[in-house]
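In the UniProt record's numbering, the protein residues as written are 1 to 410. In what follows, a single structure is set out as C-alpha cells and then discussed.
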C-alpha cells in the first residue's frame, strides 16, 4: 500500500482533483458529494492492492510542499506592502473556524497564524509555508523590538538636528520589521552582514542603545569605539539587502533595468518578501535558513520595505518623491501599527499592555541616550587613531597619518 500526498484542484465542470505521483500529476474523478467536503482540506489517495485509487479525506493545517527534482514554475503571487492586504489571519483549525487565542493562554504556548497570500513572490523556488508558528511572548517581544528601534532612530534624529551627531547618519525609520523578523528567525551564533542603515540590526544582535548612540556621538564607549559612526557598527556575529525603493536621491526604476532584485542571481533561486510584515519576514528567513543549511545552495532574498526619511539626515527626502507618497506610506504601511492591530485582533494582548510596552521602550531609550551623552570622547592621539587598523598584536612598528587637530593645517 502506497500513500501519496495530494493537492486539491477543483474543476467545477468535471469535479477533478490532481494526484501527485513521482513528480507527475494525473486527474482523479470524484463524486460531487466528495468534492463538497474537500474545501480547505487535503486528500490522501491510497493505492489498494488491486491498484484502485481510494480517496481518503484528511483535514490538515497546510499541505506539505512538493519536493521537486527539477525546477517547475510555481504560481507567482505579487508582493504588496499594503498594510490592509498584508494582514495575517488566525489559521482555521477546521475550515471556516478561527482559532481563539484567549488572553489567559500561557505566554509560551505555541499557536499558528496564517500569512497573507501576498507575502511572497518566488523565482525558481517553491514559496515558504504561508503559516507561522509563534507564541504570545514572541509576538509581544517583536512589538517591543520594533518600538525600541523606532525610538532609538527618533533619538538619533533629534541629536543630529541639535548638531551633536556630525557626519553621516542613516536612519531606518519604517524598516524596523526587516531587522526584527530576521533576528527572530536566526540564532545568536548565526552571522549577519548588512550595509549601512544598520542601527536596528546592531541593537538586536547584541548591542545597546547606549553603545549605538555613543558611536553616533563619536564617544570612546561607542559600539566601534567612536570611530566607525553610523555605517560601521560592530558587535559579535554582526558586521554592518533591503529594497526601500530609492538609492540616495534616485528612484530604483530610473537606475536599474530590472528592479526585481531577487531575480538577479540568475540560476540562484530568489524570494521577494513583504518587508513591512514582520511575520512574513520571520517565516521566510526560517525557510531560507533551513534551505541553505541543508545543503540545497544559496538563495537571494529581497525585502520590499520603505524608509520614511531621506537617504541620510542631510537629505530631506522630498525632492525625488512627493510628500503625499511619504504620508500615504506612513499611514497605510507602518510595520509597527500593522503588528499592533494583529495582536489586538487575535486577543494576544490588550491596548493597555501595548501602551505599557510603548512607555517602557521610551523610558529605556531615553535613559540610554542620556548615558551615551555623558560618555567621554576618544583621545586625539595617533595611538587611539590607529589602534584598530590592524589586528591587535600585529601592528607595525610605526604608522603614518595625522590627528584631527593636525588636519586643520593641511
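Glycine residues also receive a C-beta, built at the ideal position from the N, C-alpha and C atoms. Please read these numbers as outputs of a predicted model, since none were measured by experiment.
- Apart from sequence neighbours up to five positions away, the residues of its chain that approach residue 135 with a beta-carbon distance below 6 Å are 108, 110, ordered along the chain.
- With 16 or more other Cβ atoms inside 10 Å of its own Cβ, residue 219 counts as buried.
- In the three-state reduction of the DSSP assignment, residue 114 falls in the strand class.
- DSSP lists 271 as the bridge partner or partners of residue 122.
- Its Cα nearest to that of residue 251, the residue 311 stands out among 311, 193, 355, 175.
- Taking 8 Å as the cut-off, the beta carbon of residue 274 is found closer than this to the beta carbon of residue 119.
- Looking at 285, 150, 306, 308, the one whose alpha-carbon comes closest to that of residue 298 is 285.
- Nearest C-alpha to residue 314 among 168, 106, 132, 129: 168.
- Boundaries of the beta strand (DSSP E) around residue 302: 300 to 304.
- When secondary structure is reduced to three states using DSSP, residue 132 falls in the strand class.
- For residue 331, the enclosing alpha helix (DSSP H) stretches over residues 323 to 332.
- In this structure, DSSP gives residue 203 a helical state, which the three-state scheme calls helix.
- Look at residue 186 here: in three-state DSSP terms it is coil, with no helix or strand label.
- Residue pairing of residue 223 in beta bridges, as defined by DSSP: absent, with no partner found.
- It is roughly 31 Å from the alpha-carbon of residue 343 to the alpha-carbon of residue 211.
- For the alpha helix (DSSP H) assignment, the uninterrupted runs of no fewer than 4 residues enclosed by the stretch 327 to 408 are, from N- to C-terminal side, 335 to 345, 351 to 373, 382 to 386.
- Note that the stretch 345 to 363 does not touch the stretch 195 to 206; fewer than 3 beta-carbon pairs, one per stretch, sit closer than 8 Å.
- Taking C-beta separations shorter than 7 Å and ignoring five residues to either side along the sequence, the partners of residue 137 in its chain run 107, 108, following chain order.
- Residue 149 and residue 353 have their C-alpha atoms some 19 Å from each other.
- According to the DSSP assignment, residue 286 belongs to the alpha helix (DSSP H) that extends over 278 to 293.
- Taking 8 Å as the cut-off, the beta carbon of residue 204 is found no closer than this to the beta carbon of residue 221.
- With distances taken between CA atoms, residue 316 lies nearest to 161 out of 161, 147, 292, 216.
- For residue 193, the three-state secondary structure derived from DSSP is strand.
- By the neighbour-count definition (other C-beta atoms within 10 Å, threshold 16), residue 302 is a buried residue.
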